[in-house]
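Asks: Quick note: to get the numbering used here, add 519 to the position in the sequence shown (first position is 1).
Where is the CB? At the ideal position from N, CA and C, for every residue including glycine.
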Amino acid sequence: MKTLVHDRKVCLACAGCVGTCPKMALDMFGLDLQIDYEKCIKCGICSKTCPVGALKIVEADDA
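(1) Output the residue ranges of the alpha helix (DSSP H) runs that lie fully inside the region 557–582 and measure 4 residues or longer, sorted by chain position.
(2) Beta-carbon within less than 7 Å of K558's beta-carbon, same chain only, minus the 5 sequence neighbours each way: which residues are those?
(3) Leaving out the 5 sequence neighbours to the left and right, which residues in its chain are closer than 8 Å to G572 when beta-carbon positions are compared?
(4) Considering only their Cβ atoms, is the gap separating I564 from C540 smaller than 8 Å?
(5) Going straight from the alpha carbon of P570 to that of M547, what length do you get?
(6) Label L523 either buried or exposed according to how many other C-beta atoms from any shown protein chain fall within 10 Å of its C-beta, with 16 as the threshold for buried.
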């Protein structure tokens with residue numbers, strides 16, 4: 520099973536990923552990215568959009 524992982528240490532809090540999510544599973548609260556895992560379909564669009572690679576789709580065992 521795959522999951523979306525967010526690396527807060529790398530994230531620029533630019534919110535570029537938020538608008539790309541087709542299920543609106545991402546939102547920014549201040550400098551903190553919130554992920555609604557119930558909405559996320561693990562499509563990877565957000566991870567491809569992130570300029571610093573702060574979002575990754577990984578196997579749940581690797582998370």
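Replies: Inspection of the coordinates gives the following:
(1) 564–568
(2) Counted from its first residue, the sequence shown places residue 558 at position 39. Hits under 7 Å: K542, M543, A544.
(3) Along the sequence shown, one-based indexing puts residue 572 at 53. Cβ neighbours of G572 beyond the five flanking positions: D526, V529, S566.
(4) On the sequence shown, position 21 is the one that residue 540 refers to. On the sequence shown, position 45 is the one that residue 564 refers to. Yes, they are a contact pair.
(5) Start at 1 with the first residue of the sequence shown, and residue 570 comes out as number 51. Start at 1 with the first residue of the sequence shown, and residue 547 comes out as number 28. If you take the alpha carbons of P570 and M547, they lie about 16 Å apart.
(6) Numbered from 1 along the sequence shown, position 4 holds the residue referred to as residue 523. When all chains shown are included, L523 counts as buried.
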